[in-house]
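Report on the following structure.
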Amino acid sequence: MTDSGAAATLAAIQKATTRVLHELDRVCHELGIRYAVYGGTAIGAVRHRGFIPWDDDIDACLPREDYDRLIVEGPALLGPDYVLLSQEIDPEYPKTFGILGLVGTEFVPGAAAQRDYRMPIGVDLFPLDRVPRDRRAYTRQNRRAWVWGRMMFLHGSATPDSGLDGALGTAADAVFLGVHVGLHALRISPRAIYRKWEAAARRYNDSGSPVLGDYSTQDPLRWSAREDEIFPTVRVPFEDIQVELPRSYDTILTRGYGDYMSLPPEEERVNHAPVRIDFGEHEF
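So for the sequence shown, the UniProt record's numbering puts the first residue at 1; every next one is plus one.
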């Protein structure tokens, strides 16, 4: 693909995901569900009033109780161009977090090039669970969540990109393939693995802890925030729409990223490097 072709494709992806984010915002407001843009999407909202220029996805986070409501109540309110997917909705869904996608589209990142499940272009939806106050309890919880989350990913992807070179990369590929084959040989379903991950992630949700974390990541504590740092959110521009941003965004983003207002070096300006993109019947 030429540079101009790649730029046009990236622009189309950004327009498509912005459209989905607008629908998420509409449905959440109609249902009274709390959400906030998350991670690089939050940086983009603050630094660029939209996308980080090279970014190709949108992330949103929701407290677990709001996430659960969206999964149950959201589909009935969605427009015909949108689909909500999660393990609770589809037992073959291969991720621990949901996605609101465009019907008839596909987005395949390089890291999951061999995954069979057709994932749409859309907005990733990350549930936030309570982080226990006791650090030993957190370490045990996170270890379990991380193991089950990786198994979930490997169930759907036999040969994901490890990011390692040489002998280490070869060894990692062998381990990944072995886990994938073993899970299928033992007829362990994505739903069974997900329930193990979910139990670990939800373990301290009745603890009264004020801290929320995303157990889909390897280091939830790094990206964690007190509930009153996130909500009530502030409404800000994102491209040509308005979205919800954590109220203490500077505190949260500085804690997770450091000097987030400065552009990273050229070599760090990377995205998901999609290997297959299908916009279906949508035009952008």
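Ideal placement from N, C-alpha and C gives every residue a C-beta, glycine not left out.
Around Arg202, the same chain offers Arg64, Asp129 as residues with beta carbons nearer than 8 Å, after the five sequence neighbours per side are excluded. Contact check for Thr233 against Arg247 passes: the beta carbons are separated by less than 8 Å.
In terms of Cα proximity to Ser216, the closest of Leu168, Trp197, Arg226 is Trp197.
With 16 or more neighbouring CB atoms inside 10 Å of its own CB, Gln87 falls in the buried class.
The shortest C-alpha to C-alpha distance from Tyr67 to any of Ile89, Thr159, Ala6 is the one to Ile89.
Around the beta carbon of Glu283, a 10 Å sphere encloses fewer than 16 other beta carbons of the protein chains shown; the residue is thus reported as exposed. For Leu245, no alpha helix (DSSP H) run applies; the uninterrupted beta strand (DSSP E) run containing it begins and ends at 241 to 245, by DSSP.
According to DSSP, Glu106 shares a beta bridge with Asp278. By the Cβ criterion, the segment 184 to 198 is in contact with the segment 138 to 151, since at least three pairs of Cβ atoms, one from each stretch, lie closer than 8 Å. The beta-bridge partner set that DSSP reports for Gly98 consists of Leu125. Taken through DSSP and simplified to helix, strand or coil, Val131 comes out as coil. When DSSP states are grouped into helix, strand and coil, Asp59 belongs to the strand group. For the options Gly39, Thr139, Pro53, Pro75, the alpha carbon positioned closest to that of Ala7 is the one of Pro53.
Here Leu85 carries a strand assignment [DSSP, helix/strand/coil]. Contact fails between the segment 114 to 122 and the segment 138 to 145, because fewer than three Cβ pairs, one in each stretch, are under 8 Å apart.
For the 8 Å CB-CB criterion, Leu84 and Gly98 form a contact.
Its chain contains Gln14, Gly44 as the residues whose beta carbon lies nearer than 6 Å to that of Phe51, once the 5 sequence neighbours on both sides are disregarded; these appear in chain order.
In the structure shown, Val270 adopts coil according to DSSP, grouped into three states. In the structure shown, Phe284 falls within a coil segment according to DSSP collapsed to helix, strand and coil. Excluding the 5 residues flanking it on each side, Ile58 has same chain C-beta neighbours closer than 6 Å at Thr17, Leu21, Thr41, Val123, in chain order. Asp259 and Ile188 have their C-alpha atoms roughly 43 Å apart. Contact check for Pro190 against Glu92 passes: the beta carbons are separated by less than 8 Å. Residue burial annotation: Glu268 is exposed, with fewer than 16 other C-beta atoms found within 10 angstroms of its C-beta. In this structure, Ala36 lies near Leu245, with their beta-carbon atoms less than 8 Å apart.
Boundaries of the beta strand (DSSP E) around Gly213: 211 to 213. Judged by their CB atoms, Val131 and Val181 are not nearer to each other than the 8 Å cut-off.
Asp55 is positioned such that its CB atom lies closer than 8 Å to that of Asn271.
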